[in-house]
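A quick write-up on the structure given underneath.
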Amino acid sequence: MLPSQSDFAPMNYKAPQKKEEAGTISLDHMTEFISEYIKCDQLVDPNKDNNNNNNNNNNVESALCLQLAELHSLAVDAPKTGLWQEVPVNARLREYPDFMMKTDKPSYPSQKILGKLYRECKNFQQSMNFRPPQRTGHVDPRFLAQGFEEYVESARETLAEYTEHIENVLNLYGIQTEEELMSGCFYKLQKKLGRERQQVADVVRRLMSELRTTFRRDFFLEFSRDYTPLTKFEVTEEMQKKASAWYYVAYQSEQTTKDSEEQPKRFVGFPWIVDDVLVTIPLADKRSLKEGMSEKNAYSAIENSLGDFFAKQARKLLEDYEHRLQVKSFIQNAIKENSRVNGVVMFGSSATLFFEDTSDIDLCAVPSNKSGCVVSKDALELAGNITQPDQKALLRKLEPLLRRIYNGVHFVGAKVPIFRLAGLKGIEFGSKLCVDFCVNPDGFLKGMVVSWYIHKYPPLLPLLRMLIQWARDSGLISKREGCFINTNVLVFMLLSFCVRAGWVAEPDVDEIREDVENTARNKTKDEDLVSKWKETLALLLDNTTDGADAHENDEMEDIDEIQQHHFKLGPRNTPLGYVLLEFFRRHQSLLDSDIPEAFVELLDADQFQSLLGEGDAQLLHDQMQRAYHILALHCDVTVLLEVSSSKDQISCHLTDQLSAWIAGSEGHHSKLFSEKSGAKVRIRPRLPGLGTNLLLEASGTAVALRVLENILDDKSANLIAQPFSCLGMCFVSEANVMIFEGSESENDPVNLIPYYGRHHSHHDYLVRHVPLLGNAPLTTSIADPEERSFRIFLNHLQRQLEVVERDYTPIVHGGILEFIVHFGRLYTFHVPRSMTEDTDPTTVKTVQISLKKGFESKAACLMSLQPTSSTRKLFRLKPRRLKKQKQSETKKDEEKTGRKNEKRSPKHSFFTNIPEECAAKIITYLERRGFAEDSNLGSPYLLVTVNADDGRECDITYDSDIKPKSIRSAKLRWFVADVKRPWQARSVVTDEQFNPDMLNGSECDLRLMIRSFENFPPSAVDNLPQKKFFDILKPIAEPQPAKSPQRAKSPQPAKSPQPASSPYPFLINLDFKNNLAIIRHHVEQRVFTHRIDSIDTNDDFLASTTVSFDEVVEYSRLKVNGRYESVFRRHEMTIQPQIPANWTSRDVLEKFAWNIWTLANEIARQAYQ
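To convert, note that position 267 of the sequence shown is 266 in numbering that gives the first Met the number 0; the numbers rise steadily by one, no gaps.
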């Protein structure tokens, strides 16, 4: 907490000069000032400085924090100086540290001192605020004076009289509860009373006052006192006994008034008629803790609550233990014929009496060995422990024997392989418990050590059972991703703690070794084990006092609650309450200290922290600290268990990265997070219809919620460290629209004509069509802003830009947002037979609907990207699995042949291409519009499309020297308008060579698109897995001059075949041949910009627009030998206008849309005239 360095020099803020206005201040000046003030009123928030301080390693000395501090001072003076400030983009907050308690913003757990202190205080506050629910009729022993039993009978008679009076008043005036009578606040009275309700309320209050006076007079009659209140010095012991009897009969569970139809009512206000006597009963010698209670009594209270906890379970423990032994003996008899097994033993919770009613039975077949010894002579370690492959082999040999007696035998290939047994056969013996059957004696040895300690120190049994119950209720030992703490860790932590404190002795190796050998070789019979545990339980029950007297009086049902338990541990008679409280208090030292030497070989670890997974140590630390607070405050293990098992609810806003990663698959990830954390999770948009800024709601135990937070934090950190994980999983539904030029109605017919022209390489083996308007006019005009095609384009553009304004986040969707126009050919594939063969014609509306159906949701894409699980299924379903495999293969064959594809929706694609002979006409048109080539902007480059290992796509850019320039994320399309122009006849091919385009029209289609992506320079991807793709292409090395012959060296085998020479201007690294999709070599790039001296100089649209005309050589369909099957040259042209800054204005947007619409259509007409 002490500063690590001295204070640094304060900042020097020099106030800027005030703004002065020469001349008279008019109304226009004031109006302008108010308008500017409202527009720019954003004082730099000091919290931003606080948050950036939390995020920066240099703390407040970081450049960003210093900049914010200066901007804050400037913003304060801005109304006087006119220098309005804006928050820098890199300082705008997306998430806040948790200690700032911004519940309406995404947050993260701060690792600075403020964050740690905040979480520590928050946990302590929750423990302080917890109020354990009281059971109905719960008798608090603090109000039971010694010898109150002699007044119980007379108290019952007085209570019956009191009950009769109370019921009469309740029924007469329609009052529901005794609480209303006592408080004088009535929820409702009889409706027929009308305006007399206030008078009746006064009458009821007077009746209750008289009733109280009457019963107080009866109470003090035998003590020769009147009904007036007494001071604590006037109260005698006999008065306290009688008041205790009144309290006992009112609160004990048998005291009720019966009604034939309604539930029994309880009137607990009876003893509080003599409240002045009841509150004076001494509490110093009672087992419950109050303020100022001594430390000794606190330990006694914990000890007694631990005894109550164990007493409720002890009676059935022995019976359940015998049942588990019967199952063990039944299985042992069934596998006797296997010569490699000495016998079957119980281990784990089944052998140590830590089990619950429904816990599985842990059994181990002890394998035989040459020496015949299971443990070594001088240490608690296994002698000749078999390896995991040997365990699996032995289990497989035992499998036929186990299947004879169990219906379900399922192999689980865990670290310790087991058979999961369920459904015991036969009617002579039935058991609903499942069995975990293994052949690894490691768990058996640990169980024998724990059993030895319990038999030697019986108080350890209730202590360890409570500890495991606490871990189970809190979720610490639940098997789920992100959190799994083995039960043995907690057990041996407590044993090690007791050994170091001297409360228990170190284990007797010789005695334990003898017990292990006798049990493993069946020398110790089941009857002997039962008898030994019966003696241990008897010793524990003998430590309970007042139990015999309690059972003699059947009328006092709740007297068991006030019996005293005296559990002392070890030769020092250390109270168990002290042991448990100290165990939780010293949680940090237990995790950091070395394991006692006696347990090192047994646990195969030097520290308990090494036995815990990543994050589990901190989780256990926090829960033990919380348990200490609760136990120290309430001194009751029942309260500790109630708090640990109680479920809290949280609601938090997910970060932008997480929201974008989850959006579209909220239900899938809700289920996934629930399974991983154990909490009940629901993810939904913050507002209906809003896909980003998701809200997560969860309920569960403190451990489950903490695990959930860790999962979210890890995923957020991973998304930040791996931006491609988020950028490649963004989807925008309803972004596409297809516009048919010349269409007048959505019911216009559309003809699907086979297409044989240029297309994308991955569509080679698909049947392709071109959608053409059936009744297209001979000529169309693009000079009319009211024309239907343009209005469709404008309305869809406006709607999708609203989506951009609402959802677009640069850090998630990419920092580059651009509008771009492509020219080429639009075609369809996966066209169902119904659209080509049915008598009903395909219409424009049908095509639009198919666009929506063809959109793949994010959930579907997630499923397609999931790797195939290699986990072996538990059930044997070979015939059914084979049938499903055949059905899947048949379905794939049908898709290849085009059969049964009626249910599939057609998909659309756009192939960019400009005929070379049209280039001169297009350039002439551009020059006529004022464009000129800028030689400084265009340069050759290569664009390599790569499919990463996870299925996501990215593009890598190389310069002309085959040096990597950048890597580009997958492009997210916010708006796509495909314009299908009317069919235009193609000129006759002069030569006899086949041209794939000769059967297609010569029209030029358009694709107008808004997309976002991110470009990463090589220096920004050092820690990304995509960095390896920079080595896909290599420059062709110049031939080296011949060298003098030297001694030959042994050739080194190459990882994969690399061509010695290449017919291409680059070399291909065949290690990535499965990732390489396509290479586009832009051998020439000509960029045109608008000239300053053109006639349209004042046209802002043209001034901000660039046109690129590229000559591209495309390499596709890579073969195994490193050669491409398809290499062809084509020309591409793109128009890239700048999106206006104030595009939210309808007028500005309509002007921009009209400008790009007319320019693109004019160029398209020039391309194929």
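In this text, a Cβ means the ideal position worked out from N, Cα and C, and glycines have one as well.
Check: Residues bridged to ARG419 [DSSP beta-bridge criterion]; Outcome: HIS409 and ASP435
Check: Cβ neighbours of SER304 in the same chain (closer than 6 Å, five flanking residues each side left out); Outcome: ASP635, VAL636 and THR637
Check: Cβ separation of THR841 and LEU751, assumed to be a contact under 8 Å, to the nearest whole Å; Outcome: 6 Å
Check: SER208 Cβ short of 7 Å to the ligand GTP heavy atom set; Outcome: With respect to the ligand GTP, the structure shown offers nothing to examine, as it has no ligands at all.
Check: GLU1110 - DSSP class collapsed to helix/strand/coil; Outcome: strand
Check: Helix, strand or coil at ASP1098 according to DSSP, with G and I counted as helix; Outcome: coil
Check: Pick from GLN84, PHE443 and GLU166 that is closest to ALA68, judged by C-alpha positions; Outcome: GLN84
Check: Beta-carbon contacts of CYS651 that lie in its chain and below 6 Å, excluding the five residues immediately before and after; Outcome: LEU695
Check: DSSP-derived helix/strand/coil call for GLU1124; Outcome: strand
Check: Alpha-carbon spacing of ASP1109 relative to GLY823, whole angstroms; Outcome: 13 Å
Check: Beta carbon of LEU1007 nearer than 8 Å to that of VAL803; Outcome: no
Check: Alpha helix (DSSP H) segment containing MET238, residue limits; Outcome: 236-250
Check: Residues near ARG1079 in its chain [Cβ-Cβ closer than 6 Å; skip 5 each side]; Outcome: LEU942, VAL1111 and GLU1113
Check: GLY666 to SER833 span [Cα, whole Å]; Outcome: 34 Å
Check: Distance between beta carbons of LEU420 and VAL731, contact taken as under 8 Å; Outcome: Incorrect: roughly 52 Å between the Cβ atoms, too far for contact.
Check: Reduced DSSP secondary structure (H/G/I, E/B, other) of GLY897; Outcome: Only weak support is given to the placement of GLY897: the predicted model assigns it a pLDDT of 45, under 50, and the value that follows is read from those uncertain coordinates. DSSP places GLY897 in coil when its eight states are reduced to three.
Check: Cut-off 7 Å between Cβ atoms - residues of its own chain near ARG980, not counting five sequence neighbours on either side; Outcome: GLU740, GLU1002, CYS1003, ASP1004 and ALA1163
Check: Residue interval of the alpha helix (DSSP H) (run including ALA470); Outcome: 459-473
Check: Status (buried if at least 16 other CB within 10 Å, exposed otherwise) for GLY677; Outcome: buried
Check: ILE385 - DSSP class collapsed to helix/strand/coil; Outcome: coil
Check: Whole-angstrom C-beta distance between GLU915 and HIS1130, which should lie under 8 Å; Outcome: 6 Å
Check: Close beta carbons around GLN1137, own chain, < 6 Å, minus the five adjacent residues each side; Outcome: SER1103
Check: Length-filtered (3 minimum) beta strand (DSSP E) runs lying within the region 929-973; Outcome: 930-932, 940-946, 952-958 and 963-967
Check: DSSP-derived helix/strand/coil call for TYR95; Outcome: strand
Check: Distance CB(GLU302)-CB(PRO570) smaller than 8 Å; Outcome: no
Check: Buried/exposed call for TYR247, threshold 16 Cβ in 10 Å; Outcome: buried
Check: Buried or exposed (CB count within 10 angstroms, at least 16 for buried), ALA537; Outcome: exposed
Check: Nearest to LYS1118 (by Cα), restricted to the options ASN406, PHE1071 and LEU1101; Outcome: PHE1071
Check: Extent of the continuous beta strand (DSSP E) run through LEU1005; Outcome: 1004-1012
Check: With 16 other Cβ atoms within 10 Å as the buried cut-off, status of ASP307; Outcome: buried
Check: Start-to-end residues for the alpha helix (DSSP H) that takes in HIS628; Outcome: 615-633
Check: Sequence-distant residues of the same chain with beta carbon closer than 7 Å to ALA1076, five excluded per side; Outcome: THR944, VAL945 and ASN946
Check: Span separating the alpha-carbon of ASP1182 from that of ARG625; Outcome: The structure shown does not extend to residue 1182, since the chain is modelled only from 0 through 1168, so no value can be given for it.
Check: Cut-off 7 Å between Cβ atoms - residues of its own chain near PHE219, not counting five sequence neighbours on either side; Outcome: ASP225 and TYR226
Check: Residues of its chain near LYS882, where Cβ-Cβ distance is below 7 Å and the 5 sequence neighbours each way are ignored; Outcome: The pLDDT assigned to LYS882 is 48, lower than 50, so where the model puts this residue is not dependable, and the model offers no usable value.
Check: Exposure label - GLN239; buried when at least 16 CB within 10 Å; Outcome: buried
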